[in-house]
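Structure, as structure tokens:
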Amino acid sequence: MNGPIEERRQHYLNVNYGLKSWLLTTDHKRIAWLYLIVVTFFFFVGGLFATLIRLELLTPQGDLVQAETYNKLFTMHGVTMIFFFLIPSIPAVLGNFLIPLMIGARDLAFPRLNLASWYIYILGGLFTLAAAAAGGVDTGWTFYTPYSSIYSNTHVALTVIGIFITGFSSILTGLNFIVTIHTMRAPGMTWFRLPLFVWAHYATSIIFILGTPVIAITLALVALERLFGLGIFNPELGGDPLLFQHLFWFYSHPAVYIMILPGMGVISELITCFSRKRVFGYDFIAFSSLAMFVSGQSVYASMIFSLLSMLVAIPSAIKVFNWTATLYKGSISFDAPMLYALGFIGLFTIGGLTGLFLATLGVDVHVHDTYFVIAHFHYIMVGSAVMAYLGGIHFWWPKMTGRKYPEPLARLAAVIIFLGFNLTFFPQFVLGYLGMPRRYHVYPPEFQVLNVMSTAGASILALGYVLPLAYLIWSLRYGAVAGMNAWKARGLEWQTPSPPPTDNFDVTPVVLQEAYAYDVDEPEVIYASEKAAHV
Amino acid sequence: MSDFPAIHAHQFDDAAQQHEASWLGMWVFLATEVMFFGGMFLGYLLYRTTYPQAFASASNHLDLWLGTINTAVLICSSFTMALAVRAAQIGQKRPIIIFLVLTIVLGAVFLGIKFTEYHVKFEEHLVPGSAFAYDGPLGSSAEIFFSFYFAMTGMHALHMIIGLGLLTTLVVKTARGRFSVSYNTPVELVGLYWHFVDIVWIFLFPLLYLVGRHLR
């Protein structure tokens, strides 16, 4: 298979070696790997906290940890997973790797800024890890004042500074994406030929740019209040703790779309490739990405949470309908990425529809702050976002590494994750409906059966997450050589060798068609090298 | 290698594309900055409408003269910055350096005056925290005013300090002959940044020093 000529070909992985060539790289593909490694680390750190939470909830009594420790566990689980895994995961890993490849550019517009954002992310992560090591923080990931600013005796300032710093990593990544998508598209790559993955990242980047600075200054004010006694959120001086909540959710509600939009971009690519069909309603999906951004933003401006949470359902539903319409009469194959994509659609639908329960005021009074809410947002953040992330990693793994992962194991892992996830979180809907409140380490004995089910599911889920870690690392060395276009997909990123050369394309491609031309037999018709186009 | 400095990085097709990308990047960054300061402006407006008398009374403790002089200094620095950008666009090396240095001097004067103001506030116990002391019944709300005063002007001063660092590197780069008629993007972009920081002050000055002053 691996001929001597293939062996000698220069690509971004073998162009030079050594730790320094990685830590000082400005190649977007290598920076994606740097992110992948650290993001994976934080995923398992956050998972460790979750494990301890589920172990404590195995019994109704507080026998494993004290109440204070439990508060710290769920806080640090939330902080790690949201700010250090979910927000950077798809944009910083897959987006970083794929956007230049998908639009036919040699790199992002600002490669050094891209590397700088990784270091900023690391610095923020170190602050937060230091806070965890020093004894943790117990405010909940939302840092509500005045508890966070005055009363909490834990390491709020350190954690908040860590998140503040990491925010600038997101801002710079978003800035880089926006400028790259605007100015560096290859000849013929018009806006409406852009893959939906790129559209999703464009919308996400706008939220990064406009939302993140607001939470940065808000958390900075909390830190200043703790360290120097500023009184902006201090009710003793007439300050308003609610102002903090509004400023916090100005970012954190759109942040839900930061976490889910890139995943939707991934799913749009997977569904089309594995049903061998042009995506249904390209324009609708592209614009529904931007619509989500708009309906997310104005939630705070107008305080009509209920109505706007309902409105968010419309672009979400548009996407789900378009994906299912794409499947209709498609020639579907069930490779591992497709299993993740189908899992995503199902879990996202459940997560989305239960969101409507919460937006309906009458029901919300009943299930507010119960495990119903926990189950709802885990269906979106884990059931959807993590599924999309894993699906994307599997789909583009041959492109990133030049190797194939073991398909049967991967399908098994996808099924294990789907089953484990549902066993973990579906009982929590029931628990919430029956009235179990969130954020307590003890509960009435009648809830034990459902909690044991949930913890059992979490164990299965953990197995499902460790499995890909193992076989993907294995495949780096022992996987079959993948070749240029492992899935016979039509996107521009598949028209360059795997792994791609440092400059991505040997000749700047000229784009003649959009990325979903599955009705065309020969991909050569879609792209031409510059020379061919001039002839 | 040719005699000309590398005018565009490898990821760009040509210098025009690089210029467009850098330009857009700076504007996007400024949009972020607007949102960054926007959070504090929102908080200010909210409390100003909640405690109008305390804010009016507290704003009388700010030094109107020093604030006015500082506004003038900053506007002059924007003028010299604009002249530096123009000099860069027509490729005159000495004027670029002169105007950049003038901008740096004016920026430093601004920070010096600001520091004097902070020092006076510190001696008058108007810095929020345990040492805060304020005559009159509106003390606690006045502390919120001074919280905003220090947070907003402090964040602005931080941006000034970063700007001075950027200007200094520009002076060094200009002296080394890095800029020409065909390549002067960094001067233009730092100019944009400097004008932005200036405009933030143009909003801060009336909001903190002027509005409601007559109400006492």
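Residue numbers (the working numbering), protein chains in the order written: chain A, 1 to 535; chain B, 1001 to 1216. All C-beta atoms in this analysis are idealised placements derived from N, C-alpha and C, irrespective of residue type, glycine included. Treat the numbers as computed from the prediction; the structure is a model and nothing was measured.
CB contact check: residue i to chain A, cutoff 8 Å
| i | result |
| --- | --- |
| B:G1039 | yes |
| B:V1237 | Residue 1237 of chain B lies beyond the range of chain B shown here (1001 to 1216); nothing can be said about it. |
| B:Y1051 | yes |
| B:L1046 | yes |
| B:P1128 | yes |
| B:I1113 | no |
| B:F1148 | yes |
| B:Q1092 | no |
| B:G1043 | yes |
C-alpha gap between residue i and residue j, whole angstroms
| i | j | result |
| --- | --- | --- |
| B:E1033 | B:V1197 | 9 Å |
| A:M387 | A:F344 | 6 Å |
| A:I103 | A:L196 | 11 Å |
| A:I161 | A:F127 | 7 Å |
| B:Y1047 | A:G239 | 8 Å |
| A:V491 | A:L227 | Looking at the sequence provided, one finds Gly at residue 491 of chain A rather than Val. Looking at the two C-alpha atoms, the distance is approximately 51 Å. |
| A:L290 | A:G351 | 20 Å |
| B:K1093 | A:I267 | 54 Å |
| A:H11 | B:F1150 | 53 Å |
| B:L1035 | A:L419 | Residue identity differs from the one stated: residue 1035 of chain B is Met in this sequence, not Leu. Taking the straight line from one Cα to the other gives about 42 Å. |
| A:Y340 | B:A1056 | 60 Å |
| A:P213 | A:G167 | 7 Å |
Coarse secondary structure for residue i, derived from DSSP in three states
| i | result |
| --- | --- |
| A:V481 | strand |
| B:T1050 | helix |
| B:T1168 | helix |
| B:R1178 | coil |
| A:P445 | helix |
| A:T370 | strand |
| A:R403 | strand |
| B:P1186 | helix |
| A:P509 | strand |
| A:P241 | helix |
| A:P500 | coil |
| A:P60 | coil |
| A:P437 | strand |
| A:K29 | helix |
| A:D364 | helix |
| A:M189 | coil |
| A:D335 | coil |
| A:Y516 | coil |
| A:A414 | helix |
| A:P146 | coil |
Contact with chain B by residue i, beta-carbon distance below 8 Å
| i | result |
| --- | --- |
| A:F357 | no |
| A:L230 | yes |
| A:I267 | no |
| A:M184 | yes |
| A:D107 | yes |
| A:I120 | no |
| A:L247 | yes |
| A:I171 | yes |
| A:L512 | no |
| A:L243 | yes |
Residue i burial status per 10 Å Cβ neighbour count (16 or more: buried)
| i | result |
| --- | --- |
| A:E493 | buried |
| A:P468 | buried |
| A:G18 | exposed |
| A:D63 | exposed |
Neighbour list for residue i in chain B, Cβ cutoff strictly below 7 Å
| i | result |
| --- | --- |
| A:P111 | Q1011 |
| A:M387 | Neighbours of A:M387 on chain B: none; closest Cβ ~31 Å, over 7 Å. |
| A:L224 | A1151 |
Under 8 Å by beta carbon: chain A residues contacting residue i
| i | result |
| --- | --- |
| B:F1036 | P213, V214, A216, I217 |
| B:S1141 | L237, G238 |
| B:E1124 | Under the 8 Å cutoff, chain A gives no residues; its nearest Cβ is about 16 Å from B:E1124. |
| B:Q1017 | T183, M184 |
Chain A contact residues for residue i, given Cβ-Cβ distances below 7 Å
| i | result |
| --- | --- |
| B:L1024 | V179, H182, T183 |
| B:I1144 | G231, I232, L237, G238, G239 |
Amino acids of chain B, ordered along the chain, whose beta-carbon sits closer than 8 Å to that of residue i
| i | result |
| --- | --- |
| A:L175 | G1025, V1028, F1029, T1032 |
| A:I209 | V1028, A1031, T1032, M1035 |
| A:L98 | Result: empty, since nearest Cβ-Cβ is about 16 Å, beyond 8 Å. |
Cross-chain neighbours of residue i in chain A, by beta carbon under 9 Å
| i | result |
| --- | --- |
| B:A1021 | A109, F110, V179, T180, H182, T183, M184 |
| B:I1098 | Those within 9 Å of B:I1098 in chain A number zero; the least Cβ separation is about 30 Å. |
| B:G1067 | By Cβ distance, chain A contributes nothing, its closest Cβ being about 21 Å from B:G1067, past 9 Å. |
Cross-chain neighbours of residue i in chain E, by beta carbon under 9 Å
| i | result |
| --- | --- |
| B:I1161 | Protein chains in the displayed structure are A and B, and chain E is not among them. |
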